[in-house]
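Some notes on the structure that comes next.
2 protein chains.
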Amino acid sequence: MNTSGKNILGFNFSSQGETVFFAKNPATGYKLETAYHEAIPKEIDEAITLAENAFTLYREKTGEEKALFLETIAEELFQIEEGLVGLCAQETGLPDGRLKGELGRTTGQLKLFATVLRNGSWVDARVDTADSNRKPFPKPDIRQMQIALGPVGVFGASNFPLAFSVAGGDTASALAAGCTVVVKAHPAHPGTSELVGKAIIAAAKRCNMPDGVFSLVQGASIAVGQAIVRNPLIKAIGFTGSFRGGKALFDEAAKREEPIPVYAEMGSVNPVFVLPGILKKNHQTLAEGLSNSVQLGAGQFCTNPGITVLPKLTESNLFEDTLKNSVAVSESSTMLTESIQDAYNRNLEKLKTKREVASISIGKKADGQAQGVAEILSVSANHFLKDKEMEEEVFGPSTLLVRTEDKSEIMDVAKSLNGHLTATVHGTQEDLEEYADLLKILERKVGRLLLNGFPTGVEVCHSMVHGGPFPATTDARMTSVGTAAITRFTRPICFQNYPDSLLPDELKAENPLNILRIENGNYVLP
Amino acid sequence: MNTSGKNILGFNFSSQGETVFFAKNPATGYKLETAYHEAIPKEIDEAITLAENAFTLYREKTGEEKALFLETIAEELFQIEEGLVGLCAQETGLPDGRLKGELGRTTGQLKLFATVLRNGSWVDARVDTADSNRKPFPKPDIRQMQIALGPVGVFGASNFPLAFSVAGGDTASALAAGCTVVVKAHPAHPGTSELVGKAIIAAAKRCNMPDGVFSLVQGASIAVGQAIVRNPLIKAIGFTGSFRGGKALFDEAAKREEPIPVYAEMGSVNPVFVLPGILKKNHQTLAEGLSNSVQLGAGQFCTNPGITVLPKLTESNLFEDTLKNSVAVSESSTMLTESIQDAYNRNLEKLKTKREVASISIGKKADGQAQGVAEILSVSANHFLKDKEMEEEVFGPSTLLVRTEDKSEIMDVAKSLNGHLTATVHGTQEDLEEYADLLKILERKVGRLLLNGFPTGVEVCHSMVHGGPFPATTDARMTSVGTAAITRFTRPICFQNYPDSLLPDELKAENPLNILRIENGNYVLP
Numbered sequence: 001m002n003t004s005g006k007n008i009l010g011f012n013f014s015s016q017g018e019t020v021f022f023a024k025n026p027a028t029g030y031k032l033e034t035a036y037h038e039a040i041p042k043e044i045d046e047a048i049t050l051a052e053n054a055f056t057l058y059r060e061k062t063g064e065e066k067a068l069f070l071e072t073i074a075e076e077l078f079q080i081e082e083g084l085v086g087l088c089a090q091e092t093g094l095p096d097g098r099l100k101g102e103l104g105r106t107t108g109q110l111k112l113f114a115t116v117l118r119n120g121s122w123v124d125a126r127v128d129t130a131d132s133n134r135k136p137f138p139k140p141d142i143r144q145m146q147i148a149l150g151p152v153g154v155f156g157a158s159n160f161p162l163a164f165s166v167a168g169g170d171t172a173s174a175l176a177a178g179c180t181v182v183v184k185a186h187p188a189h190p191g192t193s194e195l196v197g198k199a200i201i202a203a204a205k206r207c208n209m210p211d212g213v214f215s216l217v218q219g220a221s222i223a224v225g226q227a228i229v230r231n232p233l234i235k236a237i238g239f240t241g242s243f244r245g246g247k248a249l250f251d252e253a254a255k256r257e258e259p260i261p262v263y264a265e266m267g268s269v270n271p272v273f274v275l276p277g278i279l280k281k282n283h284q285t286l287a288e289g290l291s292n293s294v295q296l297g298a299g300q301f302c303t304n305p306g307i308t309v310l311p312k313l314t315e316s317n318l319f320e321d322t323l324k325n326s327v328a329v330s331e332s333s334t335m336l337t338e339s340i341q342d343a344y345n346r347n348l349e350k351l352k353t354k355r356e357v358a359s360i361s362i363g364k365k366a367d368g369q370a371q372g373v374a375e376i377l378s379v380s381a382n383h384f385l386k387d388k389e390m391e392e393e394v395f396g397p398s399t400l401l402v403r404t405e406d407k408s409e410i411m412d413v414a415k416s417l418n419g420h421l422t423a424t425v426h427g428t429q430e431d432l433e434e435y436a437d438l439l440k441i442l443e444r445k446v447g448r449l450l451l452n453g454f455p456t457g458v459e460v461c462h463s464m465v466h467g468g469p470f471p472a473t474t475d476a477r478m479t480s481v482g483t484a485a486i487t488r489f490t491r492p493i494c495f496q497n498y499p500d501s502l503l504p505d506e507l508k509a510e511n512p513l514n515i516l517r518i519e520n521g522n523y524v525l526p
Numbered sequence: 001m002n003t004s005g006k007n008i009l010g011f012n013f014s015s016q017g018e019t020v021f022f023a024k025n026p027a028t029g030y031k032l033e034t035a036y037h038e039a040i041p042k043e044i045d046e047a048i049t050l051a052e053n054a055f056t057l058y059r060e061k062t063g064e065e066k067a068l069f070l071e072t073i074a075e076e077l078f079q080i081e082e083g084l085v086g087l088c089a090q091e092t093g094l095p096d097g098r099l100k101g102e103l104g105r106t107t108g109q110l111k112l113f114a115t116v117l118r119n120g121s122w123v124d125a126r127v128d129t130a131d132s133n134r135k136p137f138p139k140p141d142i143r144q145m146q147i148a149l150g151p152v153g154v155f156g157a158s159n160f161p162l163a164f165s166v167a168g169g170d171t172a173s174a175l176a177a178g179c180t181v182v183v184k185a186h187p188a189h190p191g192t193s194e195l196v197g198k199a200i201i202a203a204a205k206r207c208n209m210p211d212g213v214f215s216l217v218q219g220a221s222i223a224v225g226q227a228i229v230r231n232p233l234i235k236a237i238g239f240t241g242s243f244r245g246g247k248a249l250f251d252e253a254a255k256r257e258e259p260i261p262v263y264a265e266m267g268s269v270n271p272v273f274v275l276p277g278i279l280k281k282n283h284q285t286l287a288e289g290l291s292n293s294v295q296l297g298a299g300q301f302c303t304n305p306g307i308t309v310l311p312k313l314t315e316s317n318l319f320e321d322t323l324k325n326s327v328a329v330s331e332s333s334t335m336l337t338e339s340i341q342d343a344y345n346r347n348l349e350k351l352k353t354k355r356e357v358a359s360i361s362i363g364k365k366a367d368g369q370a371q372g373v374a375e376i377l378s379v380s381a382n383h384f385l386k387d388k389e390m391e392e393e394v395f396g397p398s399t400l401l402v403r404t405e406d407k408s409e410i411m412d413v414a415k416s417l418n419g420h421l422t423a424t425v426h427g428t429q430e431d432l433e434e435y436a437d438l439l440k441i442l443e444r445k446v447g448r449l450l451l452n453g454f455p456t457g458v459e460v461c462h463s464m465v466h467g468g469p470f471p472a473t474t475d476a477r478m479t480s481v482g483t484a485a486i487t488r489f490t491r492p493i494c495f496q497n498y499p500d501s502l503l504p505d506e507l508k509a510e511n512p513l514n515i516l517r518i519e520n521g522n523y524v525l526p
């Protein structure tokens, strides 16, 4: 499909800047045809001013109207599936099957938020009715609900060009919350971004949404993102990417005259603990499962298992052998960009220069550019505990085996961990009883704790937490995947002594939307 | 009642520092007897280390156990009511009646959180059950709930020595959430703080709570607070006080290696809009109501109405006359501290040096030190709109009348406002219909919007929002009063593929706690 290379400012296209950049096919190293115009400050301000003006209208839309809008975006995306997947594959090197799956995930996510809006109970409505006879003072009528924050800046991620990008979780949840959105497209897939942006605009027009409900700005330089964060009309930021990028946005936002929330999901190492009992029983399938999880999507998942903690057992050697063999015969695949592949190699080298770290298996390099070759490293827990650098993310298909001597060393490794998105424990029932303390320690470190599985694969559902303590994210109180993500972009307000006619429907006496409410302290479902 | 002047580090008392300070009776200017030992870094670290160790035990307590603890604190406070109110009156100059009311509010607040814990539904439990037949991938079992963040630092406020101090809203909600608490006592009422701290410790012992669940450190210098915010074991901060103090804590927390949330409620000017229709009808009672609200507690309420926006009408003059007369005959009362009284006078002078601002009425100065004399200033909206300094808080019994020329000027004033805790509109039904846009503008500026009342008086209930956009607070997504305050100190976690026996009760298949849950997207009340 053709792309224009222009920025999308509300319902208009704009290419006022002189700086252009190109997408590159990472598998071939060749650059693609379209020149993308980096947004200039004037264009960014225009997008944000449109978003502010649109917000005063969009925030008044009913749940039904917003639900239809999200569903229409999903419809528009399905209509361009073939062209979109084709261009996206060129820009990212990801296989068609994966991209089709990702598109399905994205449209499913939009539809899931539509069900949340139709249900309506997400606003946490609270009603306390008046009591004029109360002593010593009469009790006033007070009613609370969540309302949208304002225009939101979203930064597309490179590793999920559909699910965590222009119409991904951040945009879907912000639009669901009632916020307008200005997306900064990731420069690794500008064409994909433009196509998705156009689909959103088409949906906005079909649904009579205001001009400015959505905009998309292009840019390869850091200045574009900074201009978004610094604009006083922007009220929150969603970001998925590197620690460095996310932390820079966080710092920038904290320095504003009016600080704003930054939801930066910055990835993590997702430690996997294999306990003795299960290792004895299932060392082979565990090793194969780990090998698959490590290599999924060329290791380019936020939840990739970068550390695997092993007990000291005869079977640990068998586990390692299986893992080594599985990786040794594996073929590399194309990474998303040359710079990601460079960083992967650089980070591996950095680890391997440490005397205590050994490389114990390495995969086969396939033809093509930007190949991410799988690699397994190992280190003793004793050394791991002395060097915090070993806990840093190596974004790519590798894991560091941490060999422990005994139970107390396993516990020490757990206690030493920073915040991560996930932690995984493999164990039999007896293991898990014996290591109950391990689970308690890990609870304080992560957003998702999983047993006898692998962390790659983040289910979009009501219960998902894709988040976790710093440095996994800049705000552990929130999730960036799942329906709970909507409250990132809202705040509570209460109305005191309002006549029924002036209250929002969510808070009216008759509860016309039939939503869950807390009425005088009681949870009431119609 | 006697006080020791010592810091309370878990279950022990400590006075290792050599710096001491004294409380002062603001009404007499005389200092009280007890020397309070400022906590030294070692003591602060000890309190926080105890809080961390206690947290691993306290967070496992059931809702029922925590509820009993909160109720026992309330009981212990009631038992010392007479002595506590007596000492507090000496330290703050506040009348006994007010302090008894405040104690009732504080104990009521503790009991209200106990009911929230017994109900148990506050944890936002979400259950998505597995579906092994789902295509293309099986659906895993995932369950989410809120868990406590860790040790919390609380800064007592001076203006509500019981309700927003040692056992106030921040401590109550943090303990309810499952967090341990280290309080920095406000140096204006150190003895009151010690007595309340001892009551909490007595309750902790009676309820078998771990040593370190609560600590209290004293200090008159900024270093004590800084040491709390900088300690890496502290996971959140609660604060009520000045903009300068709150913003400094926010900046300090953002600079930490691991940034943490700071909930600083920094007060605001709480604009009151009087619309034409109601002014014609009720100018006299409105003026009297405003006079009372402005002078309540010597104007030392976060929600004190500091700006009153008036339309241009004959009746506006009558309103002003009533207000002037009411204030002119009013007697001043003692402010909380000499420095608050100094700042009040200084801020008034700063406003009055502006050529466009007139002082139109001033109250009578009563005998005694630190008297806060009521004063009414006025300015034209035209000038108000040109000078943002006029929107700054003058903490004390004054309000600035902003005289508008027409409806569009009323709207312009509303649009120009920063974030505030509250906004108030007085209007007839017709006024409110005609000024529907005004309400919509104000919705984006405040945490609480009230009609035909006065903002002083913050009801402790489920629907209250005591918060609002910056600069009223540093986190508009939260409230510091009301039961929703509990989620300031929690974050979500999800458990994937857990056997029922290992899940927290809140998430077990049979829902043994009988709480509200979102089960596969449906809200389910047992």
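Chains as they are written, first to last, in UniProt numbering: chain A, 1 to 526; chain B, 1 to 526.
For each residue, glycine too, the CB sits at the ideal point set by N, CA and C.
Nothing here was measured: the structure is a model prediction, and the numbers come from that model.
Check whether chain B comes within 7 Å of residue i, counting only Cβ atoms and requiring the distance to be less than that.
i	result
S416(A)	no
L525(A)	yes
L296(A)	no
L195(A)	no
D128(A)	yes
Beta strand (DSSP E) containing residue i: first to last residue?
i	result
D128(A)	A125 to D128
A264(A)	V262 to E265
M390(B)	Here M390(B) belongs to no beta strand (DSSP E), and DSSP marks it neither H nor E.
Alpha carbons only, please: which of the options is nearest the one belonging to residue i?
i	options	result
N282(B)	L103(B), T171(B) and N452(B)	N452(B)
N7(A)	D500(A), N511(A), Q496(A) and T192(A)	T192(A)
V329(B)	E288(B), E349(B) and T308(B)	E288(B)
G83(A)	R59(A), K198(A) and K61(A)	K198(A)
Q295(B)	I362(B), I234(B), E194(B) and I278(B)	I362(B)
R517(B)	F155(B), R126(B), E46(B) and A423(B)	R126(B)
I360(B)	V379(B), Y344(B) and A370(B)	V379(B)
Under the DSSP definition of a beta bridge, which residues are partnered with residue i?
i	result
T285(B)	Note: T285(B) sits in no beta bridge, so no partner.
V379(A)	V402(A)
N522(A)	E519(A)
Straight-line CA distance for residue i to residue j?
i	j	result
E389(B)	T399(A)	57 Å
G86(B)	E43(B)	29 Å
V425(A)	T106(A)	29 Å
P232(B)	K415(A)	15 Å
F301(A)	Y498(B)	23 Å
H37(A)	K61(A)	33 Å
I376(B)	N514(B)	55 Å
K66(A)	F78(A)	19 Å
F11(B)	I200(B)	10 Å
Taking the alpha helix (DSSP H) that residue i belongs to, which residues open and close that run?
i	result
R105(A)	D96 to N119
G86(B)	E81 to T92
Under 7 Å between C-beta atoms, does residue i make it to chain A?
i	result
C179(B)	no
L450(B)	yes
L373(B)	Inspection of the sequence shows that residue 373(B) is occupied by Val rather than by Leu. By this cut-off, V373(B) is not an interface position.
S463(B)	yes
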